[in-house]
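Encoded as structure tokens, the structure appears first; notes follow it.
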Amino acid sequence: MSNWTSRYKDSIEMVESSVDVLIGFNANIDRVYNTSEIDINLENVDPDLKEKASSRKDLKSSLAYCIQNGENHEIKLDMDLQFEGEEFIGGQGGIMSNYLSKTGNGVIFYTPILSEKLSEKIDEKVLYPLIDGDFQLKNVRDCSNTDRTKINHIFEFEEGRSGRLILSDSLKGFGPYFRKGVEDKLEVIEGNVDCALLSGFHNVEGNKEAKIKKASEQLERLEIPVHMEYAHRDNQTALNIVEDIMPYVDSIGLDEAEFKKLAELLNQEDIEGNVSLGEAFRHSKDIIETVDVSRVHLHTYRYHVVVTKKNYPTKPEKIRRSMLYGEISAIQKAEKGRIPDLVDIEDFKSENVDLNGLTELRHFGDYFNLDSFTETGIADMGQHIVVAIPTLIHREPERTVGMGDIISSGAFTVELS
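In the numbering used here, the protein residues as written are 8 to 424.
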């Protein structure tokens, strides 16, 4: 245990590394509620996860389901909400942009529909590609182009374990791709960055298939490493993403709920309960072989694991250190209740956290007869490399939304630094 604790503390040195990154496409305002502080009675409520919340009854049933199962879920919003909540930057792209900018990386962020209200939530050092006569990279706060803002409503709970239910608003006309003009300068943008982190494909509105195809054509032009943070809304959109987007990305990141949905979609096989590390390896191999990505990063409550192709260019030891750094960044978000900066990460203390997941590593090592896997978390599995780490669990988190986005983006960018 002390071996992993030492590794975590050593990974803090990675704050000195940095890359220049292109991020797209989804950003919104998160309005956050603590279920213990609002007027919502869940007594005698039948736990049932709905596809959308059209009534207070739908909200309560879905929230009860998340609490009972200790799961995070996102469903569509189809009602007016009257709760008072605190507002933060949201959306995978928005969260990753602020985190990477605050931790010393150069960030170019693009979303096609950018309101002034939203831009004010984005870190002031973030740049935005703009066509205003000539092509420019301008401060994102000077680039608003609409008065429409997507607001997601997030209900957080801490019963048994921390989790949340997200009621996701829609943004009419949203498409996860670069608009004409910016698209014409894509090679110029690419020349200013080391990698790309893309997300929001599941939020596509309107002619979904055509817009996903448009995004695919742009992705095919990129020659830099591309990571996609996966999210699942409906099976048809997910299939479009699998067929048209994933073949042009190098890496995907996802949490346990999204991992199960993707694995079930690809294999038509239901996964009951928690995903063991062995199951994570098996399904990650299937994802790699099915859609030809090089790297799958799964982050769960009990462990994180990266499975790569054998010829993946980053050494396993650096992958492991990068994962540890991403987890510390996320823990500092839970500790501070905000997206961390470099000082927050350097300020990490282990007193308020517990190490979790060594049992998963031990079972995996025993099953595959791997010497020292519990101690190293690294295994050569023939055609694939497995790198796993035990997680840190914060005893009294201030806020958990966005931790996965920080884990994924922190690990991927530090790998490339």
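Where a beta carbon is used, it is the ideal one built from N, C-alpha and C, also for glycine.
Distance check between I82 and each of Y15, H160 and T153 places H160 closest, using alpha-carbon atoms only. In the structure shown, G207 adopts coil according to DSSP, grouped into three states.
With fewer than 16 other Cβ atoms inside 10 Å of its own Cβ, G344 counts as exposed. Three or more beta-carbon pairs drawn from the region 24 to 40 and the region 76 to 96 are found closer than 8 Å, and the two stretches are therefore classed as touching.
Its Cα nearest to that of I396, the residue T383 stands out among Q390, M388 and T383. Per DSSP, the unbroken beta strand (DSSP E) holding I161 starts and ends at I158 to E166. Within the same chain, and ignoring the five residues on either side of M253 in sequence, the residues whose Cβ sits closer than 8 Å to its Cβ are M235, I259, V298, D299 and V300. The closest CA to that of F142, considering only V28, E212 and K187, is found on K187.
Look at K316 here: in three-state DSSP terms it is strand. Taking H290 as the centre and dropping the five residues before and after it, the same chain places the C-beta of A270 closer than 6 Å to its C-beta, in chain order.
Where I248 is concerned, the enclosing alpha helix (DSSP H) starts and stops at N242 to D251.
In the three-state reduction of the DSSP assignment, N35 falls in the strand class, which pools E and B. Nearest to V200 by C-alpha distance, out of L365, L29, D373 and N214, is L29.
By the CB criterion at 8 Å, I414 and H306 fall inside the cutoff.
The distance from the Cβ of R228 to that of L193 is about 6 Å, consistent with a contact at the 8 Å cut-off. Cβ contact annotation for E78 (same chain, cutoff 7 Å, sequence separation greater than five): G170 and A264, in chain order. Bridge pairing for G170: F164 [DSSP]. Taking I74 as the centre and dropping the five residues before and after it, the same chain places the C-beta of F164 and E166 closer than 6 Å to its C-beta, in chain order.
In the DSSP assignment, I47 falls outside any beta strand (DSSP E), carrying neither H nor E. DSSP places Y117 in the strand class (E or B) of the three-state scheme.
Residue state for T307 is assigned as coil, using DSSP reduced to three classes. By alpha-carbon distance to H209, the top candidate from I400, R240, E224 and I231 is R240.
S25: not part of any alpha helix (DSSP H); DSSP gives it neither H nor E.
Classified as buried, A418 has 16 or more neighbouring CB atoms from the shown chains inside 10 Å of its CB. In the DSSP secondary-structure assignment, F95 is bridged to D37.
Just so you know, the alpha carbons of L174 and L56 end up roughly 12 Å apart.
DSSP lists L137 as the bridge partner or partners of Q143. Ranking Q99, V314, E334 and L66 by CA distance to the CA of M86 puts L66 first. Between the alpha carbons of K132 and D412 lies a gap of roughly 19 Å.
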